[in-house]
Amino acid sequence: DVVFVPGLVERGFPRRVAEDPICLDARRAAISPALATAASRVEAERLALRLCAGAADKQLILSYPRLDTDRGRARVPSFYALEVMRAIEGRLPSISELGRHAEAAGGARMSWPAPPIPEDAIDGAEYDLAVLDGLLHAEVPPDGAARYLVEANAHLARALRARYARWQSAKWTSQDGLVNPSEGARAALAAFAPKDHPYSATALEALAVCPYRFYLRAVLRLTPHEMPEALEALDPLTRGSLMHEAQYGVLTALRERGLLPLTDAALEEARAILDAVIAEVADRFREEHAPQIERVFADAVADCRADLAEWLARMAERPDWRPVAFELSFGLPLDERRDPASRLEPVTLEEGLVLRGAIDLVEQRDGALRATDHKTGSVPDREGPITDGGRSLQPVLYARALEAMQPERTVSGGRLYYCTARGRFTEHGVPLGRTARDAVRTLAETLAESMEHGFLPALPSRDACERCDYRRVCGPAEARRTAHKEHRGTAGLNRLRKLP
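For our numbering, count along the sequence shown from 1 and bump the result up by 9.
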């Protein structure tokens, strides 16, 4: 009786008609009349529409989507719809006139894609939206009028409760990260206590930035899914890996030739070593990453070579600091790119932390050791000279790890060395004094307390969400969302963020 024909929209029906680029219509007609051509495809579309119209005994309903919700603009009806209107009215209407007819029939708007009357809805979603629209504009909406929604859809009920808990409730709930875990979850967390489980300095830095980020990264070990793609330019991570491998190769070669500490007299030989090492490392990276544009890759390698040449020159200016170990690792697998003095076991600190990692460079002066971590990015703004509010822990933790590995030696402190032109070859030293040791203790106590109580909420520091790998998990506005939450359980985090 009734035939419904949806989809009469441009580029939907009819589709864009074009000749086969491999075998054009003239050639197809010469080969066989059975081969379809552009003209025959148009005729087939017209026949399909005539068959639909002829199948209706009482009513024919033609429909097209008026709104493109993805792009936020109106859709253009098919010219077939105009042809049908001409057959009905005896004249060809304009597209705008046809649009007014469709709007009067459907009533859906871009801001609320549903008709004004629920009975005119064509599916369940339109019906629900139409009901809600009437309730939202009613002066006194009846109680329970929309209750059928949460009774019919358990997912909607959970979603509404979760949204209230996240945005309206002042209490911390399970919707805010790791909060109030079950007894089973607490038992599982016990294995990640800082006195038992080894953490890297980088992972521990995430605790002050956002406790939930620390939980996702260091406990659940979630990482973004990376799609393999051709390397067009050296991203910061790849560039840093290339620089670190080249530095290790150069320092190892200098030690084997007895050229450490480096002096001005041996600088030319050191540069020749650098050229050989950077060429070898670049060849390996070229094989592993298959750069798409060789010139871009070669220019990036040349920039790295220039930075490393300046790094060598500045090293020769300070022969009082003698490099004694490179890539000194602890708690990591041992391979040929680790210092011979590396150990497989992690390092246990008396403050209550177990550490794993690798110190880029260990130097010695006047019998005292210094742990250096090389950085290849720009110099960030700091809010404290020691730990930057718990966000820069490598100098302190590496110095303490070095002290624990060699208790008979004196360790003066740690250093961040931004050894590139981008970093302006800036050095930031952190002495291993009482303030630094107290900071390590505060870190250990804060983490232990958080693990014991199972409280690692999404409570990011300022601007932490802008470059977070877990924005899809939490959303981009967690700092604003959690600003109204109660302060229960956040005292330790506040102490950590106030560290110098």
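All C-beta atoms in this analysis are idealised placements derived from N, C-alpha and C, irrespective of residue type, glycine included.
Keep in mind it's a predicted model, so treat the numbers as computed, not measured.
Distance CB(residue i)-CB(residue j) smaller than 8 Å
i, j, result
"C474", "R480", "yes"
"A179", "E417", "no"
"A262", "L271", "no"
"L508", "T396", "yes"
"R323", "F434", "yes"
"G398", "R506", "yes"
"V363", "H206", "yes"
"A155", "L144", "yes"
"P124", "E106", "no"
"L411", "V449", "no"
"A210", "A227", "no"
"P440", "S421", "yes"
"A413", "T357", "yes"
"V310", "A291", "yes"
Alpha carbon of residue i to alpha carbon of residue j, nearest angstrom
i, j, result
"L276", "T451", "44 Å"
"R374", "P220", "38 Å"
"T46", "A65", "30 Å"
"P233", "D478", "7 Å"
"R346", "R365", "16 Å"
"E148", "S183", "36 Å"
"L187", "I104", "55 Å"
"R314", "L251", "10 Å"
"S49", "I31", "17 Å"
"L138", "W121", "7 Å"
"G501", "E454", "8 Å"
First through last residue of the beta strand (DSSP E) which encompasses residue i
i, result
"V383", "The question names Val, yet the displayed sequence has His at residue 383. It spans 377-384 - the beta strand (DSSP E) in which H383 sits, taken as one unbroken run."
"G69", "According to the sequence as given, residue 69 is Leu; it is not Gly. Per DSSP, L69 belongs to the beta strand (DSSP E) from 68-71."
"A334", "331-339"
"D369", "366-374"
"L17", "Element bounds for L17: n/a, residue is neither H nor E."
"L456", "Not the beta strand (DSSP E): L456 falls in the alpha helix (DSSP H), residues 443-462."
"L358", "356-358"
Which listed residue (the options) has its alpha carbon closest to that of residue i
i, options, result
"L71", "V93, D152, R431, G63", "V93"
"H493", "R365, A215, L468, Y427", "L468"
"G376", "L337, T419, V356, L107", "T419"
"D369", "E135, A255, R20, F306", "A255"
"L225", "P74, L269, L198", "L198"
"V386", "R20, L425, S105, E106", "Residue 386 is actually Gly in this sequence, not Val. The candidate whose alpha carbon is nearest that of G386 is L425."
"R489", "T357, D185, E241, P332", "D185"
"T499", "S459, E487, C483", "S459"
"D10", "D312, K67, P466", "K67"
"G21", "F88, L44, V371", "F88"
"P349", "F335, H383, T357", "F335"
"A408", "S338, L465, A130", "S338"
"D244", "D273, R222, F294", "F294"
"D308", "D284, A166, A242", "A242"
"N162", "W176, N189, F223, G133", "G133"
"R431", "H383, R476, R266", "H383"
"E297", "L213, T247, E265", "T247"
Unbroken alpha helix (DSSP H) run spanning residue i, endpoints
i, result
"A500", "500-506"
"T211", "210-218"
"L145", "133-145"
"L169", "163-176"
"V149", "Here V149 belongs to no alpha helix (DSSP H), and DSSP marks it neither H nor E."
Contact test: residue i Cβ vs the ligand MG heavy atom, cutoff 7 Å
i, result
"R37", "Absence of the ligand MG is noted for the structure shown, with no ligands found whatsoever."
Discussion item. My parser needs the alpha helix (DSSP H) runs of 4 or more residues fully inside the segment 402-435; what are they?
Written reply: 403-414
Worksheet entry | Runs of alpha helix (DSSP H) lying entirely within the segment 223-291, each at least 4 residues, in chain order | 245-265
Discussion item. Threshold first: 4 residues or longer. Then list the alpha helix (DSSP H) segments lying entirely within the segment 22-58, N to C.
Written reply: 34-40
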